[in-house]
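There are 2 protein chains.
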Amino acid sequence: MRYTVIGGGVGCARFVSGLREHVRREEPDARIDVVVNTADDWWVSGLRIAPDHDSLLYALAGVNDRERGWGRSGESERVSAELAEWGVAPGWFTLGDLDLGTHIARTAWLRAGATVSDVYARLGARWHLGVTLHPATDDEIDTHVIVDDGRRMHFQEWWVRHRAALPARAFEQEGIDLARPSAGALEAVARADVVLVAPSNPVVSVGPVLAVPGMREAVAASPAPVVGVSGVIGGAVVRGMADACLAAIGVETDAAAVAQHYGARASGGLLDAWMVGLEDAASVARVEALGIATAAVPLWLRDADSSARVARDALALARRARSAGSAGDPDARRV
Amino acid sequence: MRYTVIGGGVGCARFVSGLREHVRREEPDARIDVVVNTADDWWVSGLRIAPDHDSLLYALAGVNDRERGWGRSGESERVSAELAEWGVAPGWFTLGDLDLGTHIARTAWLRAGATVSDVYARLGARWHLGVTLHPATDDEIDTHVIVDDGRRMHFQEWWVRHRAALPARAFEQEGIDLARPSAGALEAVARADVVLVAPSNPVVSVGPVLAVPGMREAVAASPAPVVGVSGVIGGAVVRGMADACLAAIGVETDAAAVAQHYGARASGGLLDAWMVGLEDAASVARVEALGIATAAVPLWLRDADSSARVARDALALARRARSAGSAGDPDARRV
Chain A
2 MRYTVIGGGV GCARFVSGLR EHVRREEPDA RIDVVVNTAD DWWVSGLRIA
52 PDHDSLLYAL AGVNDRERGW GRSGESERVS AELAEWGVAP GWFTLGDLDL
102 GTHIARTAWL RAGATVSDVY ARLGARWHLG VTLHPATDDE IDTHVIVDDG
152 RRMHFQEWWV RHRAALPARA FEQEGIDLAR PSAGALEAVA RADVVLVAPS
202 NPVVSVGPVL AVPGMREAVA ASPAPVVGVS GVIGGAVVRG MADACLAAIG
252 VETDAAAVAQ HYGARASGGL LDAWMVGLED AASVARVEAL GIATAAVPLW
302 LRDADSSARV ARDALALARR ARSAGSAGDP DARRV
Chain B
2 MRYTVIGGGV GCARFVSGLR EHVRREEPDA RIDVVVNTAD DWWVSGLRIA
52 PDHDSLLYAL AGVNDRERGW GRSGESERVS AELAEWGVAP GWFTLGDLDL
102 GTHIARTAWL RAGATVSDVY ARLGARWHLG VTLHPATDDE IDTHVIVDDG
152 RRMHFQEWWV RHRAALPARA FEQEGIDLAR PSAGALEAVA RADVVLVAPS
202 NPVVSVGPVL AVPGMREAVA ASPAPVVGVS GVIGGAVVRG MADACLAAIG
252 VETDAAAVAQ HYGARASGGL LDAWMVGLED AASVARVEAL GIATAAVPLW
302 LRDADSSARV ARDALALARR ARSAGSAGDP DARRV
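Chains A and B supply the protein sequences, listed in that same order. First residue of the first sequence: 2, per the working numbering; consecutive thereafter. First residue of the second sequence: 2, per the working numbering; consecutive thereafter.
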C-alpha cells in the first residue's frame, strides 16, 4: 500500500508519525509519502527557511523540540544574536544554531542550482525517516497577508511577529499562478492507494498545496479515496492559530465547517471522507449530508499509540469510502 | 595627517592596532585607512568568507581570539558541526558560530546588491574601530594555487587544509584582470600623507592588492612616501606560512629579499622605504643600495607599546624618505 499525506507543519508531523507507527506495526511493506506545503517558506537573513518542511523533518527524525513545539531540541541561539547585531534578522524571528545549519545547507544547494525536491531528498537522507517528503512545488511561493487596516506583510511576520492577532482580510500566494507541482508530489498522488489530508492549517498549509495549478486536478483524478483528518476538535484548533486563518476566509472554527470548506469530491471538492473527534460526533450527520463519509473517533495525537490509532482509523475510513463508491468516478460515489 | 595602510590579515591587524595606538597617543586628529586584500575571500557553504578583512575587523574591535590567532573570542562551533553533517562544509574549514553571523550578514547584503565596500562599511559600523577599512576591489577575486603535482586548488584549501605544506608552483587570482580598485581604496591612496605596506603576506595579501589593475599605478602616483614594514624577521616569517608563498615565487624568506621583490619606487617598484627588525640590521645597506631608505628597529608587535613604537618608527622613516626625495617624482628621489 502507498499512503500519500498532504499537509505540512507540526500537526502534519504528528499525524504522519502516527501513520508511520501504524505502518511499522501492521503494514511494514506500506510506503508513506508526504506532499508538503512550501507556501510559508521565506527568505530571511539571506537564507531560505521552510517551516512546514522542517517541522516535519525534525519531528520524523526525532530531533524536534517537543516542549517548545518547533525547532530542534537542545537548541541555542548564538548566531541569531549576531544576526540581530548586524541588523539582518528581524528581532521577532529566532533562528536556532542547529536549525541554521539546515537553512545554510538548503540555501547553498538552492544557490548552486538544486531544486527544492533535491533539497528535500538531501535533507531527508540524513536520518532514517521512514517517510518520503516531496515539496508541493519546486517553484518559489511567498505568502503575504493583507490585514484589516490594509497593510500587506509576509505571512511569517503576521504569524510569528503578530501571533496572527491582526485580523486578516486575505492571504496572497505570490508566484503560485506560475508554479507547477513537483514531479514527486504528482507521482505520490497519482500512485497513492489512500490520500490523507493531514490535520494541518486548512488555509495556509493544505490550501496552498492544492492551489498549485494542477495539484487539485491531480488529487481529483487519483483513483485513491481522499480522507481528511480534522485539525479542529470541539470548536477549537488543536494547536497553532489556524482559527485566525479560517476567520480570514470566513470559515467557522468547526470541524464540519472545515469539511464543507474542503468540499465533497463528488461535488468537485476534495474529500471522500472526513474524520472528526469524538467531541464533534454531533456534526457527523451534517458532514455526511454533504456527501462525505464521516467518522468520529478519539482524535488527540498524544503519543505513539494514540497517533497510530488515529492513522488506523483514517485508513479504515478510507476503506469504507472506497467500498461505498468507486473513487475517481464521482458518478458512482455515494452521496 | 592621513595614513593609508595596504595589507590584510592578522599581521596587518597588529600593525594597524599599533598605528591606531600611536595616533591616539600622539596624533589624535590623524586618520587611518586600510586597503584590504580581498583575494583570499571565498565561497563556502554558500556564504562569502573574507578572512583578511575579518581578521582586521575582529582584532580592531577587540573581539578576536588572541590565543588561537584567528576568529572571534568565546567562539563555539555548533552550526559548523551541522554543516559537516549536511556535507556542505569541508571538514578542514571550521566556521565559528559568532563568525558565521558575520558571513551570513555579508552574504545577505551581497545577495541583496550591496557592494563589498558597502559590506565593509556596515560591518565596520558595529564597533568603534578608529580605522576605516576599504576593500582593494569590489569585484570578486578567487585565488587558486597550482601545486607541484599540477593540481589546482582554492587558496583556502591549500592554506588551511594542507597548511601550505604542498609545494606551490603558482598563485592565480581568478577575476583580477577585470577587477577595478574600489573608490574608497583609490581615494585613501590618493589622499594619503603616508602609505604604509603592512607586514602582511607579500604574495597573497599585499601582492593581490597591488595586482588589481590601477592600484599599483595609484600608489605610484601618490605624493605620499611609501613605507613597507617587513613581516620577515631574522630570516623567518613572524606568523603564518608566508615562507611557503615566497618560495613559490622564488623569493627567499629574508627581509632584504622581500624588499627587493617589492622593488624601489624610483625604479618602478613599490617602496620609498623599508623597515626591518634589529635582527636584520646587516641587510640595511643591501636594501639601501636598491634605492630604498631602510631602518632596522625593534619590530616585534608584542603589545600596545611595542606596536605603537613600530608605527612611530615607520612614520619617522616616512619623513626621512620624504625629505630625501620628493615623493611622486622619481627623478628627484635619492637612489
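All C-beta atoms, glycine included, are put in the ideal place defined by N, C-alpha and C.
Counted within 10 angstroms of its Cβ, other Cβ atoms place residue i as buried (16 or more) or exposed
i, result
"residue 384 of chain B", "The question about residue 384 of chain B has no answer, for chain B in this structure spans 2 to 336."
"residue 93 of chain A", "exposed"
"residue 268 of chain B", "exposed"
"residue 324 of chain B", "exposed"
"residue 107 of chain B", "buried"
"residue 271 of chain A", "buried"
"residue 125 of chain A", "buried"
"residue 29 of chain B", "exposed"
"residue 290 of chain B", "exposed"
"residue 258 of chain A", "buried"
"residue 166 of chain A", "exposed"
"residue 27 of chain A", "exposed"
"residue 273 of chain A", "buried"
"residue 129 of chain A", "exposed"
"residue 22 of chain B", "buried"
"residue 319 of chain B", "buried"
"residue 335 of chain A", "Model confidence at residue 335 of chain A stands at a pLDDT of 38, short of 50, so the residue's coordinates are unreliable and nothing is read from them."
"residue 1 of chain B", "With chain B running from 2 to 336 in the structure shown, residue 1 of chain B is simply not present."
"residue 275 of chain B", "buried"
"residue 73 of chain A", "buried"
Where residue i sits in the DSSP three-state scheme
i, result
"residue 110 of chain A", "helix"
"residue 52 of chain A", "helix"
"residue 98 of chain A", "helix"
"residue 3 of chain B", "strand"
"residue 163 of chain A", "coil"
"residue 403 of chain B", "Because residue 403 of chain B is not part of the residues shown, which for chain B are 2 to 336, the question remains open."
"residue 327 of chain A", "Confidence at residue 327 of chain A is low in this model, with a pLDDT of 47, below 50, so the placement of that residue is unreliable and no value is reported for it."
"residue 120 of chain A", "helix"
"residue 80 of chain A", "helix"
"residue 190 of chain A", "helix"
"residue 129 of chain B", "coil"
"residue 303 of chain B", "coil"
"residue 181 of chain A", "coil"
"residue 105 of chain A", "helix"
"residue 314 of chain B", "helix"
"residue 115 of chain B", "coil"
"residue 31 of chain A", "coil"
Limits of the unbroken beta strand (DSSP E) element including residue i
i, result
"residue 44 of chain A", "43-45"
"residue 23 of chain B", "That residue, residue 23 of chain B, is in no beta strand (DSSP E); its alpha helix (DSSP H) goes 10-27."
Residue range of the unbroken alpha helix (DSSP H) whose run includes residue i
i, result
"residue 89 of chain A", "From DSSP, residue 89 of chain A is part of no alpha helix (DSSP H); its letter is neither H nor E."
"residue 64 of chain B", "That residue, residue 64 of chain B, is in no alpha helix (DSSP H); it is neither H nor E in DSSP."
"residue 286 of chain B", "285-289"
Residue(s) in a DSSP beta bridge with residue i
i, result
"residue 143 of chain B", "B:175"
"residue 135 of chain B", "B:36"
"residue 169 of chain A", "A:148"
"residue 298 of chain B", "B:278"
"residue 155 of chain B", "B:145"
"residue 73 of chain B", "B:65"
"residue 195 of chain B", "B:4"
Check: residue i C-beta below 7 Å from any heavy atom of the ligand MN
i, result
"residue 113 of chain A", "Within the structure as shown, the ligand MN is missing, as the structure has no ligands at all."
Scan the region 197-280 of chain B and note each continuous beta strand (DSSP E) run of 3 residues or more that stays entirely inside, going in chain order. For the region 197-280 of chain B, the continuous beta strand (DSSP E) assignments of 3+ residues that do not extend past its boundaries occur at 227-230 and 274-278, in sequence order.
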